[in-house]
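Visitor: After the structure tokens below, expect a handful of questions from me.
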Amino acid sequence: MVLILIGLCFGVRFSNLDADAPTDLSTSTDVYTDPAQYTLFSRLYTQAGDLNPFDDNRFAFFLNSAVTPAAIASFKLFGVSVWSSNLVGLFFSFGALLLFYVFVRRCSGILASVLFLLLIMFNYNQLFYGRVPFLEHVMAFFAFLSLVMLVYSNGRLAAVAAGCSLGAGIFFGKMIGLVFLAPFAALLLYEIFYERKGTRYTRGALFMTGFLFVMLVWVFVSYLPMREQVAAYLSEHAFNLYGPPDGLKSVDGFIWKFMSFGDKSRLVERMQLPVVLTAVFIGMILYRATRRESWRSGFGRFNSGHIFIVVMIAAFYGALMIWNYRPLRYQLVLIYPICGAAAFVLSRLWQARRSVSPGRPGYLLLGLYFPMVVVLIYQIFGDYIQTTVGDFYYEDYRLVVAALAVAVTVGIFVLLRQFGSRRIPSLRLTGRVTVIIVTAVVVIEGGIHFNSWWITPAYTARDNGRDLPIVLSKGAVLSGPYATALTLENDLRSVIHMFGVSKADPGLFERFPITHLIVDITNEQRAREDYPAIMDSATEVLSYRIGRRKARLYRIAGLTGNRDSDGYELSEFEKLSVRKSQDGDIFAEQSALEIAGQYPDNMSVYLFLARAAREDSLYEQAEVLLKKAVEFSPTNYNLKALTADFYGDLYSQTGDIRYKEKALRHYEQALMLAPNAGEVEREYEQLKGKQIAGPEEL
């Protein structure tokens, strides 16, 4: 059964590996922009034999991360593509899942480990974020490898190796992993005082030796050779880019940050039942922690692994809550301990036995429970308000949330006082029914969400990347937040850059031979502010839809002062675009259609020609060209919407109901591919209610 569950967990993550992430996965652009940046240096090495051909040392963390050798291996074996890049993310994220399963099996038992697999199998965030190579997955993989080595072995070598593994996760993964030092310290201290008293501080010392060794390697490999760049990167992302943390500016700001934990991140929203069960788990340990005898002889049925889980949740929550920018990917690591804690509670319910409560709780428990309860109330109540009433704002509901939290906390405390030191009946049947219902709800709900994506996967990232070499010449060098993602399916070069940093780099375009920028509206605005001389003269080539965002491709070659960039030769498509802008009638020249014939597998050439034909009222030709574009990228919701708009326009002109039916069908297909595309939905609803008199009625 365990092997079947592991196979299912892997299967749902591996299927359609090069498909786009769901359009509602993140409020940030991170899933479309960041993953390809981590494998960029590996791609350059695989294609050109040079890890860093532009001597770009700004991103030493990416270049020297564990993703780099893993991506080189993947690219060498399977070729460079979105699929092989995502395979690296799957390796680390699924590896982290398996390692945490092994840990749960050790500290909570076989039943809890099986329940852990069930709870995390269709976890929306872990499943879809786990398909792309974020550094957070590297951090989790090596941290959990360290954890498994510690709980499965008493050996000294294992302790050193565990320290090395944690160090690798932090210094060659993600620096936020320094937070892991707290739960690892708690685990080792609990072992020293309650589980492995004979070892005393030896394991901890050996563990830190391994950790410090890797840290020393990092200092000489990454920090000292590029000290200014590394320091600038850390400072930019910690303070400069998003400003001093609002959570430390005022008491009210701290409370809001504490309760919201990443506004709109949707971590808790997408796993409410496991989070509630985790609160029960933490409450059980806090109950033990208020008993004096627990500090003398240990926390009863809880072991060092359970202490690790609690401290890990508290440490990461505390470390992340105060900051102004807390994207969901920073919080992914919390999914593992939450599912592990929930699985433990469910396993105890399944194995319900008659037992005696450890005693009447003291009033200290009220103070310990309230912060946890208020977070739960805020998150769950806020989700309920948003889905039933409308917008949910902290300022409007803070008193309501506080009152509810006080009532719930006092209610729990009174119940615990009532049952303190009493014999508790087993209620085995009730417990097992509860476990079955809760597990089924989590699995079915997650399965439904996964299935809605799986039956209509979109491949626009892959298709855009395959289309781009037809649009640009081989000498093109792209930059901007989407550049690395759009060059995974081709051999065009790219330079990592995001506009909107706290201090613009005035020498960026002189130092790097960038010929084109691919930017969304936010980055374009900042680029115009930071580099007005270049952007005012830049030429728009075309635009792509990446997720639900429109990204424009600009040519800046000849404007940057870089000799290599100035020598860029226009592609046939760019020449065609220039002719179109100059005289407008591209169909007067046969070369326009010859370009399409020369590159039969493309999207942009056909779409460009279809728009030109539509402008010239050549509707039959426009329809043929549109169909050709859709054939190249049949899961592109934007192409479906453009085709729908084309047929809607014909319906408006002719009143022919057949055009309306075609338009509605294409809108429906577009909405299946991008359910949250509000503009498309509005156009669809408008057309549904639109009535045009047919030719016979005119």
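Just so we're aligned, residue 140 is where the sequence shown starts under this note's numbering, counting upward by one. The beta carbon of each residue, even a glycine, is placed where N, CA and C say it ideally should be.
1) In the segment 675–731, which residue ranges form an unbroken alpha helix (DSSP H) of at least 4 residues, counting only runs that do not cross its ends?
2) Answer yes if the segment 472–488 comes into contact with the segment 505–522, meaning at least three C-beta pairs across the two stretches below 8 angstroms, and no otherwise.
3) Could you give the C-beta distance for Tyr806 and Ala780, rounded to a whole number, given that I count them as a contact under 8 angstroms?
4) Considering just the uninterrupted stretch of the beta strand (DSSP E) at Ile657, what are its terminal residues?
5) Do the segment 245–253 and the segment 158–175 make contact, defined as three or more Cβ pairs closer than 8 angstroms?
6) Nearest to Asn662 by CA position, among Ala622, Thr626, Tyr333, Leu236, is which residue?
7) Secondary structure at Leu617, three-state DSSP: helix, strand or coil?
8) Is it buried or exposed for Phe771, if we count other Cβ within 10 angstroms and need 16 for buried?
9) Bridge partners of Ser633, per DSSP?
10) Taking the alpha carbon of Ile211 as the point to measure from, which residue in Thr782, Arg244, Tyr177 has its own alpha carbon closest?
11) Between Phe438 and Arg427, which are expected to be in contact by the criterion C-beta below 8 angstroms, what is the C-beta distance as a whole number of angstroms?
12) I'd like the list of long-range same chain contacts for Ile551, defined as Cβ closer than 7 angstroms, with 5 residues on each side in sequence excluded.
13) Out of curiosity, what's the CA-to-CA distance linking Ser213 and His276?
14) For Met742, does the three-state DSSP call read helix, strand or coil?
15) In whole angstroms, what separates the C-alpha of Val151 from that of Gln265?
16) Less than 8 angstroms between the CB atoms is what I'm expecting for Phe231 and Phe280, so what's the real figure, rounded?
17) Could you check if Asn810 is buried or exposed, using at least 16 other CB atoms within 10 Å of its CB as the buried criterion?
18) For my contact list, Pro608 and Leu631 are in at a C-beta cut-off of 8 angstroms; report their separation, rounded to the angstrom.
19) According to the Cβ coordinates, are Arg270 and Asn225 closer than 8 angstroms?
20) With DSSP run on the structure shown, which of helix, strand or coil describes Ala160?
21) What are the uninterrupted segments assigned as alpha helix (DSSP H) that are 4 or more residues long and contained completely in the segment 398–458, given in chain order?
22) Between which two residues does the alpha helix (DSSP H) carrying Pro608 extend?
23) What did DSSP end up calling Arg197 once you bin it into helix, strand or coil?
24) Helix, strand or coil for Gly188? Go by DSSP, reduced to three states.
25) Which residues in the same chain have their Cβ closer than 7 angstroms to the Cβ of Phe359, if we skip the five residues on either side of it in sequence?
26) How about Phe311 and Ala205: do their beta carbons lie closer than 8 angstroms?
27) Below 6 angstroms CB to CB, which residues in the same chain sit around Met365 once its five sequence neighbours on both sides are set aside?
28) On the DSSP letters alone, give me the boundaries of the alpha helix (DSSP H) that Asn590 sits inside.
29) Would you call the CB atoms of Glu628 and Gly604 closer than 8 angstroms?
30) In this structure, how does DSSP classify Ile519 when only helix, strand and coil are distinguished?
31) Does the segment 521–539 touch the segment 286–293, meaning 3 or more C-beta pairs lie closer than 8 angstroms?
32) For Ile461, report the span of its alpha helix (DSSP H) as first-last.
33) Rounded to a whole number of angstroms, what is the C-alpha to C-alpha distance between Leu746 and Asp784?
34) Looking at Lys396: is its Cβ nearer than 8 angstroms to the Cβ of Met460?
35) For Ser167, report the span of its alpha helix (DSSP H) as first-last.
36) In terms of alpha-carbon separation, which member of Cys148, Glu432, Val819 lies closest to Arg687?
Guide: In terms of the structure at hand:
1) Whole alpha helix (DSSP H) segments, 4+ residues: 702–705, 711–722.
2) Short answer: they don't touch.
3) On the sequence shown, residue 806 is found 667 positions in, with the first residue counted as 1. On the sequence shown, residue 780 is found 641 positions in, with the first residue counted as 1. At roughly 7 angstroms, the Cβ-Cβ gap stays under 8 angstroms, so Tyr806 and Ala780 are in contact.
4) In the sequence shown, residue 657 corresponds to position 518, counting from 1. In the DSSP annotation of this structure, the continuous segment of the beta strand (DSSP E) that includes Ile657 starts and ends at 655–658.
5) Two segments are said to touch when three or more pairs of C-beta atoms, one from each, lie closer than 8 angstroms; by this definition the segment 245–253 does not touch the segment 158–175.
6) For the purposes of this step, residue 662 is identified with residue 523 of the sequence shown, where counting begins at 1. Between Asn662 and the set Ala622, Thr626, Tyr333, Leu236, the nearest pair of CA atoms involves Ala622.
7) One-based indexing of the sequence shown puts residue 617 at position 478. Three-state result, Leu617: strand.
8) As a working mapping, residue 771 is identified with position 632 in the sequence shown. It counts as buried.
9) Start at 1 with the first residue of the sequence shown, and residue 633 comes out as number 494. Answer is Leu617, bridged to Ser633.
10) Taking the sequence shown and counting its residues from 1, one reaches residue 211 at position 72. Answer by Cα proximity: Tyr177.
11) Reading the sequence shown from its first residue, position 299 is the one you call residue 438. Reading the sequence shown from its first residue, position 288 is the one you call residue 427. Going by Cβ atoms, the distance from Phe438 to Arg427 rounds to 4 angstroms, so yes, they are a contact pair.
12) As a first step, residue 551 must be located in the sequence shown, where it is residue number 412. Non-local beta-carbon contacts of Ile551 in its own chain, meaning distances under 7 angstroms to residues more than five positions away in sequence, involve Tyr508 in chain order.
13) For the purposes of this step, residue 213 is taken as residue 74 along the sequence shown, with counting starting at 1. For the purposes of this step, residue 276 is taken as residue 137 along the sequence shown, with counting starting at 1. Spanning the two alpha carbons is a distance of roughly 16 angstroms.
14) Indexing the sequence shown from 1 puts residue 742 at position 603. DSSP places Met742 outside both helix and strand once states are collapsed to three, so it counts as coil.
15) Position 12 of the sequence shown, counting from 1, holds the residue named residue 151. Position 126 of the sequence shown, counting from 1, holds the residue named residue 265. Between the C-alpha atoms of Val151 and Gln265 there is a straight-line separation of about 11 angstroms.
16) As a working note, residue 231 is residue 92 in the sequence shown. As a working note, residue 280 is residue 141 in the sequence shown. Rounded, the Cβ-Cβ distance is 5 angstroms, consistent with contact.
17) Taking the sequence shown and counting its residues from 1, the one referred to as residue 810 is at position 671. Sequence inspection shows Leu at residue 810; the Asn mentioned does not correspond to that position. Of the other Cβ atoms in all chains shown, 16 or more fall within 10 Å of the Cβ of Leu810; this residue is therefore buried.
18) For this step, residue 608 is matched to residue 469 along the sequence shown. For this step, residue 631 is matched to residue 492 along the sequence shown. For a cut-off of 8 angstroms, the C-beta gap from Pro608 to Leu631 is around 6 angstroms, short enough to register as a contact.
19) For this step, residue 270 is matched to residue 131 along the sequence shown. For this step, residue 225 is matched to residue 86 along the sequence shown. Their beta carbons are under 8 angstroms apart, which means Arg270 touches Asn225 by this criterion.
20) As a working note, residue 160 is residue 21 in the sequence shown. Of the three classes helix, strand and coil, the one that applies to Ala160 here is coil, per DSSP.
21) Segments of the alpha helix (DSSP H) lying fully in the segment 398–458: 411–428, 433–436.
22) Start at 1 with the first residue of the sequence shown, and residue 608 comes out as number 469. From DSSP, the alpha helix (DSSP H) with Pro608 extends over 599–610.
23) Position 58 of the sequence shown, counted from the start, is the residue given in the question as residue 197. Three-state DSSP puts Arg197 in coil, outside helix and strand.
24) By 1-based counting over the sequence shown, the position of residue 188 is 49. Gly188: coil per DSSP, three-state reduction.
25) In the sequence shown, counting from the first residue as 1, residue 359 sits at position 220. Taken in chain order, the list of residues that qualify is empty.
26) As a working mapping, residue 311 is identified with position 172 in the sequence shown. As a working mapping, residue 205 is identified with position 66 in the sequence shown. Between Phe311 and Ala205, the C-beta spacing is below 8 angstroms.
27) Locating residue 365 in the sequence shown gives position 226, counting from the first residue. A distance below 6 angstroms between beta-carbons, with the five flanking residues on each side excluded, links Met365 to the following residues of its chain, in chain order: Asn196, Ala199.
28) Here residue 590 is taken as the residue at index 451 of the sequence shown, counted from 1. For Asn590, the enclosing alpha helix (DSSP H) begins and ends at 567–593.
29) The residue you call residue 628 lines up with position 489 of the sequence shown. The residue you call residue 604 lines up with position 465 of the sequence shown. Between Glu628 and Gly604, the CB-CB gap stays under 8 angstroms.
30) Indexing the sequence shown from 1 puts residue 519 at position 380. When DSSP states are grouped into helix, strand and coil, Ile519 belongs to the helix group.
31) Under the Cβ criterion (8 angstroms, minimum of three pairs), the segment 286–293 does not count as touching the segment 521–539.
32) Here the question's residue 461 lines up with position 322 in the sequence shown. For Ile461, there is no enclosing alpha helix (DSSP H), since its DSSP letter is neither H nor E.
33) Within the sequence shown, numbered from 1, the residue matching residue 746 stands at position 607. Within the sequence shown, numbered from 1, the residue matching residue 784 stands at position 645. Leu746 and Asp784: Cα-Cα distance of roughly 13 angstroms.
34) Translated into the one-based positions of the sequence shown, residue 396 becomes position 257. Translated into the one-based positions of the sequence shown, residue 460 becomes position 321. In this structure, Met460 lies closer than 8 angstroms to Lys396 by Cβ.
35) Position 28 of the sequence shown, counting from 1, holds the residue named residue 167. Here Ser167 belongs to no alpha helix (DSSP H), and DSSP marks it neither H nor E.
36) By one-based count along the sequence shown, residue 687 stands at place 548. It is Val819.
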